[in-house]
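Engineer: Supplied in structure tokens, the structure appears directly below.
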Amino acid sequence: MRKRLVAGNWKMHKSPSEAKAWFSALVRQRPNTQAEAALLVPFTHLAYAKEVLENSGIHWGAQDVSAHREGAYTGEVSALMLCDLGCRYAIVGHSERRSHHAESDALVAQKMLRLLEFSIVPILCVGEPLEVREAGKHLSYTLGQLEASLAGVEPASPAHLVVAYEPVWAIGTGKTATPEDAEAMHQAIRQWLARRYGTAFAEETRILYGGSVKPDNATALFSQPNIDGGLVGGASLKLDDYLRLLLA
Ligand code: PEP
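Under the working numbering, the first residue of the sequence shown is numbered 4, with each subsequent residue one higher.
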């Protein structure tokens, strides 16, 4: 019922021209699979993504968006600009932005509102740091983050929201949550979404796992009942690995 999504978060990697060649290779080599492919790339790569990926069935998007609609905000990129470049998705609340740029849940909620005004689907990242996991408080921490980041946010349908559970201690570290631990969190997130938006909405909302997903651990993670794919950093940069993730 929920279409698997394998979303690559390229972070600040590759030049625009390298990206263009990579997109073309993906279009040529894409396996015949039911999984949806999406690439979240630097702003500078988006025009090439539109040029190469348009009408390919592969989606693209950004890694952030401004909380403002327009105006004197030097360096910011608006949801309107992303919409014009054909973005289907944008990441909000990635832990690297929360920690390096002090982004609060309230700011994340504002960004989600801006995206939804243009029907760009937010991929909302939540997840606990190591000390919270070690203290056994990961469920309440992550659900609290979800609640605060979705304050005042009413997506028109489950197709307008993706949640990514990304335990901070697993991002870029090579450490992955066990499929069982990840599934327990995903189940709790879905139950929370049911309380907030209703059961039918929750059942159709995709919840991705992120944190050192690789071709050799993806099948075990993605086969959990509440894990609907992955938000993948490092492994999405290598075409062979990304192709294998689409087949996991
Ligand atoms: C991420 O960037 O969201 C991520 C999960 O990175 P990695 O797969 O490299 O851990």
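Quick reminder that beta carbons are idealized off the backbone N, C-alpha and C, glycines included.
Identify whether residue 61 lies in helix, strand or coil by the three-state DSSP scheme.
Structural biologist: coil
Engineer: Nearest to residue 200 by CA position, among 92, 186 and 161, is which residue?
Structural biologist: 161
Engineer: For residue 250, write down the residues that DSSP places opposite it in a beta bridge.
Structural biologist: In the DSSP output, where bridge partners are listed per residue, residue 250 has none listed.
Engineer: Quick one: Cα of residue 98 to Cα of residue 49, how far?
Structural biologist: 22 Å
Engineer: Return the residue from the list 142, 247 and 36 that minimises the CA-CA distance to residue 133.
Structural biologist: 142
Engineer: If contact is defined by three or more beta carbon pairs under 8 Å, each pair taking one atom from either stretch, is the region 145 to 158 in contact with the region 111 to 129?
Structural biologist: yes
Engineer: From 226, 184, 195 and 177, pick the residue whose C-alpha is nearest to that of residue 238; which is it?
Structural biologist: 177
Engineer: At what residue ranges does the region 6 to 74 contain a whole run of the beta strand (DSSP E), taking only runs of 3 or more?
Structural biologist: 8 to 12, 39 to 43 and 62 to 65
Engineer: Near residue 190, what residues of its chain come up, given a Cβ to Cβ distance below 6 Å and the 5 sequence neighbours on each side ignored?
Structural biologist: 229
Engineer: Jot down the residue ranges of each uninterrupted alpha helix (DSSP H) in the region 108 to 166, minimum 4 residues, whole runs only, in chain order.
Structural biologist: Runs of the alpha helix (DSSP H) inside the region 108 to 166: 108 to 120, 133 to 137 and 141 to 152.
Engineer: Taking only runs that begin and end inside the region 171 to 203, name each unbroken alpha helix (DSSP H) of 4 or more residues, in chain order.
Structural biologist: 182 to 200
Engineer: For residue 158, count the other beta carbons within 10 Å of its own beta carbon; 16 or more makes it buried, fewer makes it exposed. Which is it?
Structural biologist: Classification of residue 158: buried, given that the 10 Å Cβ count is 16 or more.
Engineer: Out of curiosity, what's the CA-to-CA distance linking residue 194 and residue 188?
Structural biologist: Roughly 10 Å separates the two Cα atoms.
Engineer: Can you tell me whether residue 123 sits near ligand 1, meaning its C-beta is under 6 Å from at least one heavy atom of the ligand?
Structural biologist: no
Engineer: In the DSSP output, which residue or residues are listed as bridge partners for residue 95?
Structural biologist: 127
Engineer: With a floor of 3 residues, list each beta strand (DSSP E) that falls wholly inside the region 220 to 245, ordered by position along the chain.
Structural biologist: 232 to 235
Engineer: Measuring alpha carbon to alpha carbon, tell me which residue in 215, 235 and 211 is nearest residue 226.
Structural biologist: 211
Engineer: Among 44, 82 and 130, which residue has its Cα nearest to the Cα of residue 65?
Structural biologist: 44
Engineer: How about residue 94 and residue 123: are their beta carbons less than 7 Å apart?
Structural biologist: Cβ atoms of residue 94 and residue 123: not closer than 7 Å.
Engineer: Could you tell me the boundaries of the beta strand (DSSP E) in which residue 211 lies?
Structural biologist: 209 to 213
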